[in-house]
Structures are given as C-alpha cells and as structure tokens.
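A.B. asks:
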Amino acid sequence: MDDKEICLSGSGMLALREQMVAMTRNGGELTKDQRNALEGIQEIFEMVVSAPDTDRFPAHLIAQSYLASMVDAFGEVDLPIDEDRFVRKSRADLLRARIAMLDARHPDGISSARPLRDLLGAAGIEVGESGVGAEIRSPAMAQINEEAIRRIVLGNEHMCRDVFGAMTATPVSELSAAMIPLDSLDQLRTNKSNRRLSGEWIDQVGARARRITQGSMPGYRFEMDVFSEGGRDFLTISDNVGQKNNVAFVYSWPTSERIPVMDIEIGRVLNVSPEEDPGEEEIERLSHVLGQLEAVNLTDMDQDIERVRFD
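If you want it as structure tokens, here you go:
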C-alpha cells in the first residue's frame, strides 16, 4: 500500500480511483486495502468540493475533485484548460451557486442572465427590428423579429441538433435573437475580444456548422463566433446572404443552460474556455457578496426566532 498512500497524498488520486473503478467494472475484485483506499479518495474529493479553499487544499487536489465530479456525472472527459484556470472557474461557479441559493434573483447568482438586448446596448450596439434583412429570406415578411430570426435556424434540423443542441439545453424556439448592423459585429469583436470564447468545443461547433451548411447549401459562406458575458452565451453569425444587406445575426441563451460536455471523435471534452477564467479578484468579490448574503440571512433567522419566542 505504500504506492497507494503516496498517491492519496499526491497528484495521482483521480487516476488511482479510475484504475480501481475500472478493475471492478472488468470483473476484478478489490482487496480490503484497495476498497479502503477507494473510499478514502472519494471522501477526500467530496470534502474538497464542498469547501474548495486554496488555503486548505492544493490547487491540483481541487482540480482533481471537480474533475471527479464531472467523471461521475458524464464519464471520462478531457480538460481543455489548465488546472489553475479550471480551479478558479469551478470555485467561482460554486460561489455563484451558493449566492443563488440565498437569493434566487441576485445578479451574481449562477442562473442569472442579463437580457441580450441589454448586453448589446451596453456595448453601444443598435439592435435592429426593421425590414432591412427580411426580404433576403422572405419577400412577404413585413419586418424581421426574434421569431423570424429563430426560424432561420429552425428550418435546418441538423443545425438545431448538432450545433445549437451541442451548446445549450435551451430549445432553438426559445433562444434570444437579434439582428445587428454588420459594422456593429466588428465593434463587438473588438470591444469584447476578451469575452470571445476559444477551445476545442468552439472549434468542434464551427466544424459541424461548416459540414452541415456546405453539404446542404453549396456556395454558402459564414463566420461564427461565440461570446460569454453577464451570465449569457451568445453566438454571432455573419453569412454571405446577410452581408449583402449589411446585417448579422445573434443567438443567445443563459450560460447556466450550456451543455457541460461535448462528444467528439476522440471522446468527450468539457465545454469551457480559457477566457472564462474569473481571476482571483472576481473570486474575492463573489466571496464578499456571499458573506454579505449569509450575514443578512443569519440576521433574518435571528429575527424570526425572536418573533417566535415572543409570540
């Protein structure tokens, strides 16, 4: 057990756990020491995930603990960002989840999402609802609105399933959508370059969209980007049809409804990007917000107890 004891205190805990789990799946039987080691690893992971304090636990242990949770939920997954970024992202998400438990409508809650039009407006981008782009797809359409923009995607089953369905649990029929001037898209790319997502899952989405459109619409060309800000993911599409009319389209959904993993040819990858690293300052801010909410919650509980006592 010496090697296993070293692993229990080092960076090989998740690998050791998966080896022992694989043994049982293949019909092998663990020894008593191995069973104890497996139980010990699981207890450590659960303890760390419940309180991922970097003053108490090393970053690699926090990362392994979160990855173990992902593996338990989704099977083996690849981590597309480095451990430090993953730890900070996971810690921030946990803080936001706890904030939401205390105040479901708090803007820092995990499920909070600013409206798409507010985000675009804050970036100085005009959201059009005129007929400027309507005639390129339907001469009878008097004006192009959210429903009409969604129908552009709804008409392609493969785009709905293999592109949008791989990114979000939000049905295409319920996506927020907008039409923006083409120069505003360039403005968005410039002003929000630090919120423009990259990574394996983004590359996979783009490749799928190209295969689908090239197969069904020869000569069709498009550019696609994915951004994330204010609790909302949004995908921009600029195609050769819209470019003739100087417009681009935006489709959006709450980040909390993002599909967590994506199936790719070589396995599964987490749908997370390096640009989503919140940084230590943001974690400190969220910790402060949570502390304030907890203090208010305790005060409310004390007041409730006093009222019950005197009633």
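Quick note: the sequence shown uses the UniProt record's numbering, first residue 1, plus one each step. Note that CB positions come from ideal geometry on N, CA and C, so glycine has one too.
#1: Figure out for me which residue from ALA15, PRO115, GLU281, SER238 has the closest Cα to the Cα of TRP253.
#2: So TYR66 is in the alpha helix (DSSP H); what residue range does that whole segment cover?
#3: Tell me the DSSP bridge mates of LEU270?
#4: Would you identify the three-state DSSP class for ALA248, choosing helix, strand or coil?
#5: Tell me the rounded alpha-carbon separation between SER273 and TYR66.
#6: How would you call PRO260, buried or exposed, if buried means at least 16 neighbouring beta carbons within 10 angstroms?
#7: Given this structure, state the Cα-to-Cα distance separating ASN156 from VAL77, to the nearest angstrom.
#8: Roughly how many angstroms separate the alpha carbons of GLY242 and GLU276, rounded to a whole number?
#9: Quick one: Cα of GLY109 to Cα of GLU43, how far?
#10: Leaving out the 5 sequence neighbours to the left and right, which residues in its chain are closer than 8 angstroms to ARG268 when beta-carbon positions are compared?
#11: Who are the Cβ neighbours of ASP186 in its own chain at under 7 angstroms, not counting the five residues just before and after it?
#12: Does the beta-carbon of PRO218 have 16 or more other beta-carbons within 10 angstroms, so that it is buried, or is it exposed?
#13: Taking the beta strand (DSSP E) that LEU79 falls in, what are its first and last residues?
#14: With distances taken from CA atoms, which of MET13, GLU281, MET23 is nearest GLU46?
#15: Where does the unbroken beta strand (DSSP E) through PHE164 begin, and where does it stop?
#16: Since ASP186 sits in a beta bridge, which residues does DSSP pair it with?
#17: What separation, rounded to the nearest whole angstrom, lies between the Cα atoms of SER112 and VAL21?
#18: Quick check: what's the CA-CA separation for ALA100 versus HIS106?
#19: Per DSSP, which residues does THR236 bridge with? Please list them.
#20: Could you check the C-alpha separation between PRO139 and GLU282 for me, to the nearest Å?
#21: Would you kindly work out how many angstroms separate the C-alpha atoms of PRO278 and LEU270, rounded to a whole number?
#22: What distance in whole Å lies between the Cβ atoms of ASN246 and ASP220, which are believed to be in contact at a cut-off of 8 angstroms?
#23: Looking only at its own chain, which residues have a Cβ that is under 8 angstroms from the Cβ of GLN19, when we skip the five neighbours before and after it?
#24: Between HIS288, PHE222, ARG85, PRO181, which lies nearest to SER238 when the distance is taken from Cα to Cα?
#25: So the beta strand (DSSP E) ILE152 belongs to, where does it begin and stop?
#26: Taking Cβ positions, are VAL250 and ALA169 nearer each other than 8 angstroms?
#27: Under the DSSP definition of a beta bridge, which residues are partnered with PRO181?
#28: Would you mind reading off the limits of the alpha helix (DSSP H) that contains ALA15?
#29: Please name the residue, chosen from ALA104, ILE62, ARG96, that lies closest to TRP85 on a Cα-to-Cα basis.
#30: Which residues in the same chain as LEU94 place their Cβ atom closer than 7 angstroms to its Cβ, once the five residues preceding and following it in sequence are excluded?
#31: Cutting at 7 angstroms between CB atoms, please list the residues of its own chain near HIS158, excluding the five before and the five after it.
#32: Across which residues does DSSP place SER176 in a beta bridge pair?
C.D. replies: According to the structure shown:
#1: As a working mapping, residue 253 is identified with position 253 in the sequence shown. Considering only alpha carbons, the answer is PRO115.
#2: The sequence position of residue 66 within the sequence shown is 66, counting from 1. Looking at the DSSP string, the run of the alpha helix (DSSP H) that includes TYR66 is 59-74.
#3: By 1-based counting over the sequence shown, the position of residue 270 is 270. DSSP, once it has assigned bridges, lists VAL261 as partnering LEU270.
#4: Indexing the sequence shown from 1 puts residue 248 at position 248. Correct three-state label for ALA248: strand.
#5: As a working mapping, residue 273 is identified with position 273 in the sequence shown. As a working mapping, residue 66 is identified with position 66 in the sequence shown. Near 16 angstroms, if we compare the C-alpha coordinates of TYR66 and SER273.
#6: In the sequence shown, the residue the question calls residue 260 occupies position 260. Label assigned to PRO260: exposed.
#7: Taking the sequence shown and counting its residues from 1, one reaches residue 156 at position 156. Taking the sequence shown and counting its residues from 1, one reaches residue 77 at position 77. Approximately 29 angstroms between the Cα atoms of the pair.
#8: Numbered from 1 along the sequence shown, position 242 holds the residue referred to as residue 242. Numbered from 1 along the sequence shown, position 276 holds the residue referred to as residue 276. When rounded, the distance between both Cα atoms is 30 angstroms.
#9: If you number the sequence shown from 1, residue 109 lands on position 109. If you number the sequence shown from 1, residue 43 lands on position 43. Rounded to the nearest angstrom, the two C-alpha atoms are 28 angstroms apart.
#10: Position 268 of the sequence shown, counted from the first residue, corresponds to residue 268. Closer than 8 angstroms at the Cβ level, and outside the excluded window around ARG268, lie PHE74, GLY75, GLU76, VAL77, ASP78, VAL261, MET262.
#11: As a working note, residue 186 is residue 186 in the sequence shown. So no residue of the chain qualifies.
#12: As a first step, residue 218 must be located in the sequence shown, where it is residue number 218. With fewer than 16 Cβ atoms within 10 Å of its Cβ, PRO218 is classed as exposed.
#13: Taking the sequence shown and counting its residues from 1, one reaches residue 79 at position 79. Counting along the chain, LEU79 falls outside any beta strand (DSSP E), and DSSP gives it neither H nor E.
#14: Mapped onto the sequence shown, residue 46 falls at position 46. Of the candidates MET13, GLU281, MET23, the one whose C-alpha sits nearest the C-alpha of GLU46 is MET13.
#15: To locate residue 164, count along the sequence shown from 1; it is residue 164. Unbroken run through PHE164: none, as it is neither H nor E.
#16: To locate residue 186, count along the sequence shown from 1; it is residue 186. According to DSSP, ASP186 bridges with nothing at all.
#17: Here residue 112 refers to the residue found at position 112 of the sequence shown. Here residue 21 refers to the residue found at position 21 of the sequence shown. Rounded to whole angstroms, SER112 to VAL21 spans 37 angstroms at the Cα level.
#18: Mapped onto the sequence shown, residue 100 falls at position 100. Mapped onto the sequence shown, residue 106 falls at position 106. Spanning the two alpha carbons is a distance of roughly 6 angstroms.
#19: Reading the sequence shown from its first residue, position 236 is the one you call residue 236. ASP225, VAL250.
#20: Mapped onto the sequence shown, residue 139 falls at position 139. Mapped onto the sequence shown, residue 282 falls at position 282. Per-residue confidence for PRO139 stands at a pLDDT of 40, beneath the threshold of 50, marking its modelled position as unreliable; no derived number is given.
#21: For the purposes of this step, residue 278 is taken as residue 278 along the sequence shown, with counting starting at 1. For the purposes of this step, residue 270 is taken as residue 270 along the sequence shown, with counting starting at 1. The straight-line gap from Cα to Cα measures roughly 17 angstroms.
#22: Position 220 of the sequence shown, counting from 1, holds the residue named residue 220. Position 246 of the sequence shown, counting from 1, holds the residue named residue 246. Checking the sequence, you will find Tyr at residue 220 rather than Asp. In fact, because the Cβ distance is near 18 angstroms, the residues do not count as touching under 8 angstroms.
#23: Mapped onto the sequence shown, residue 19 falls at position 19. For GLN19, where only same-chain residues beyond five positions count, there are no Cβ hits under 8 angstroms.
#24: Residue mapping note: residue 238 aligns to position 238 of the sequence shown, counting from 1. The shortest Cα separation from SER238 among HIS288, PHE222, ARG85, PRO181 belongs to PHE222.
#25: The sequence position of residue 152 within the sequence shown is 152, counting from 1. It is not in any beta strand (DSSP E) - ILE152 instead sits in the alpha helix (DSSP H) that spans 146-154.
#26: Indexing the sequence shown from 1 puts residue 250 at position 250. Indexing the sequence shown from 1 puts residue 169 at position 169. Cβ atoms of VAL250 and ALA169: not closer than 8 angstroms.
#27: Locating residue 181 in the sequence shown gives position 181, where the first residue counts as 1. Looking at the DSSP assignment, PRO181 forms a beta bridge with VAL247.
#28: For the purposes of this step, residue 15 is taken as the residue at position 15 of the sequence shown. Start and end: 13-25.
#29: In the sequence shown, counting from the first residue as 1, residue 85 sits at position 85. The identity of residue 85 in the sequence shown is Arg, whereas the question assumes Trp. When only C-alpha atoms are compared, the closest one is ILE62.
#30: In the sequence shown, counting from the first residue as 1, residue 94 sits at position 94. Closer than 7 angstroms at the Cβ level, and outside the excluded window around LEU94, lie PRO52.
#31: By one-based count along the sequence shown, residue 158 stands at place 158. Once the five neighbours on either side are set aside, the close Cβ partners of HIS158 are ILE212.
#32: Start at 1 with the first residue of the sequence shown, and residue 176 comes out as number 176. Answer is SER252, bridged to SER176.
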